[in-house]
Amino acid sequence: MSNPPQLRYSKEHEWLSPAEKGVATVGITKYAADQLGDVVFVQLPEVGAAVTAGEPCGELESTKSVSDLYSPVTGEVTEVNQEAVDDPALVNSSPFEAGWLFRVRLAEEGGVPETLMSAEAYAAFTKD
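Take 0 as the starting number for the sequence shown in numbering that gives the first Met the number 0 and just add one per residue.
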């Protein structure tokens, strides 16, 4: 599966959708899901929580390990994907669609860090 070109990607393997009315969606990449193995538990930030770009805001537990979930942007959590919490396998089976993790209202308009990569740059970053 290729990385959707409209998304931006972090070095911590999260993706960020383009913002609609100041709100963007966050998830983990297929690469990260594959590296984790079968995700069995998802802990997400609460609605209303403040998240900071590059800082941990949740956890993903797999059959292999526990990994921190990092926010790629600074803002306020507006929604969490309860379906992914209830069925963590969605993170593996559909990381860019049904397995999204949370939505965040960006702290400032155009508040997407320049450190986020394009799909092409992320592909090069994760190439073995």
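Ideal Cβ placement from N, Cα and C applies to all residues, glycine included.
Buried is the label assigned to Ala31, since at least 16 other Cβ atoms lie within 10 Å of its Cβ. Apart from sequence neighbours up to five positions away, the residues of its chain that approach Val65 with a beta-carbon distance below 7 Å are Glu58, ordered along the chain.
Judged by DSSP in its simplified three-state form, Gln5 adopts coil rather than helix or strand. For Ala23, the enclosing beta strand (DSSP E) stretches over residues 22-27. Here DSSP, grouped into helix, strand and coil, assigns Val84 to helix. Taking Gly74 as reference, the option from Ala52, Arg7, Glu82 with the minimal CA-CA separation is Ala52. The DSSP assignment places complete alpha helix (DSSP H) segments of no fewer than 4 residues inside the region 40-99 at 81-85, 88-92, in order along the chain. Between Val22 and Val103 a beta carbon distance of about 7 Å is seen, short of the 8 Å cut, so the two are scored as contacting. The DSSP-derived three-state label of Glu11 is coil.
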